[in-house]
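*Asks:* Here it is, the structure in full.
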C-alpha cells in the first residue's frame, strides 16, 4: 500500500493516514527482521554443522577441495591425542583434540580385515586359473586315454538323419538302426506271401565288408529279411507272411560293421 500523505488539519482523515503509515512501517520492519533472522540462522547452521569424513594420516593429507562443514580426524597423534579439523569454506581449522587410541585401533583392525578380503579382480583371476587347470586336466586325461596301448573304446561320433541313427566307436566299429518304412505282403511267393522290395540307405556308410544286417517286421504275423548281400551304403529288405496281408507293418532294421 502506498504511503499516505499527512495533511495539516487534525481530523479523522489525518488520523487514519497516520495509522495506515504506522501499520505499513511495522509490517516492513517485521519482513526485514524475518529475512535477517533467516539469513543469520542459515549462516549459524553452516558454521556449526559437522559433516564427518574418513580420517586422514596427517594434516598435509587434508583435501583442499572440501565442502563447508567437512570434518576429519588426523590419525597422527602426539601423546595419544589427535586433532580434529573442520573446513570453514576457506581453510581447515582445528576444532578439537581427542584421545584417538581406541578409534585408531578399531580403524586399523577394520582396514586389516578389509585387506584380507578378495577383490573382484583377484576372484576372477582365481576362477580363470581354476578353469584353465580343469581344461588342462581334461586334455591330459583324453591324451592318456587315446594314447593308451590298451585302448579304451569310446564314442567318436553319434547322430541321426532321415535314414536313422548311428554311432561310431574308436575301435572302428559302427552301428546303424532305423524303422525306415512299412510294408504289406501281397505278392505270392510259393507257399508264402511277401512284400515289395524296399531299400534302406544307412544313416552313415560303412568302410569295408562284411556288413551284418538284421531285419524285423513289427507284427507277430510277419517276419523280415534281407535280399542279397548288403552294400556299404544300403540293404534291400522283404517282409514275409504265411497269408496275404494288406496291412502295412513297420520294418525295423539294424546294421553292424566298420567305419574305418
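Numbering (our numbering), first residue to last: 1 to 260. Positions of the beta carbon are idealized from the N, C-alpha and C atoms, including for glycine. Quick caveat: nothing in here was measured; it's all calculated off a predicted structure.
1) For residue 94 and residue 116, what's the separation of their Cα atoms in angstroms?
2) Under the three-state reduction of DSSP, which class applies to residue 88: helix, strand or coil?
3) Under a three-way DSSP split, which group does residue 264 fall into?
4) Between which two residues does the beta strand (DSSP E) containing residue 157 stretch?
5) Does DSSP put residue 120 in a helix, in a strand, or in coil?
6) With residue 258 and residue 204 assumed to form a contact (beta carbons below 8 Å), what rounded beta-carbon distance in angstroms separates them?
7) When the Cα of residue 163 is compared with those of 254, 68, 55, which residue comes out closest?
8) Rounding to the nearest angstrom, what Cα-Cα distance links residue 157 and residue 256 in this structure?
9) Quick one: using the 10 Å Cβ neighbour count with 16 as the cut-off for buried, is residue 214 buried or exposed?
10) Excluding the five sequence neighbours on either side, which residues of its own chain have a C-beta within less than 7 Å of the C-beta of residue 57, listed in chain order?
11) Report the option in 212, 153, 120 whose CA atom is closest to the CA atom of residue 170.
12) On the premise that residue 233 lies in contact with residue 184, defined as a C-beta separation below 8 Å, what is that separation, rounded to the nearest angstrom?
13) Tell me whether the beta-carbon of residue 200 lies closer than 8 Å to the beta-carbon of residue 237.
14) Ordered along the chain, which non-local residues of its own chain (more than five positions away) have a Cβ less than 6 Å from that of residue 135?
15) Might you give, ordered along the chain, the residues of its own chain that have their beta carbon closer than 8 Å to the beta carbon of residue 118, omitting 5 neighbours on each side?
16) Would you list the one or two residues that DSSP bridges to residue 200?
17) What does a CB cutoff of less than 6 Å around residue 219 pick up in its chain, not counting 5 residues either side in sequence?
*Replies:* The answer reads as follows:
1) 34 Å
2) coil
3) Nothing in the structure corresponds to residue 264, since the chain is present only between 1 and 260.
4) 155-161
5) helix
6) With a Cβ gap of about 11 Å, residue 258 and residue 204 do not count as contacting.
7) 254
8) 15 Å
9) exposed
10) 75, 76
11) 153
12) Their Cβ separation, rounded to whole angstroms, is 26 Å, which puts residue 184 and residue 233 out of contact at 8 Å.
13) yes
14) none
15) 126
16) 235
17) 249
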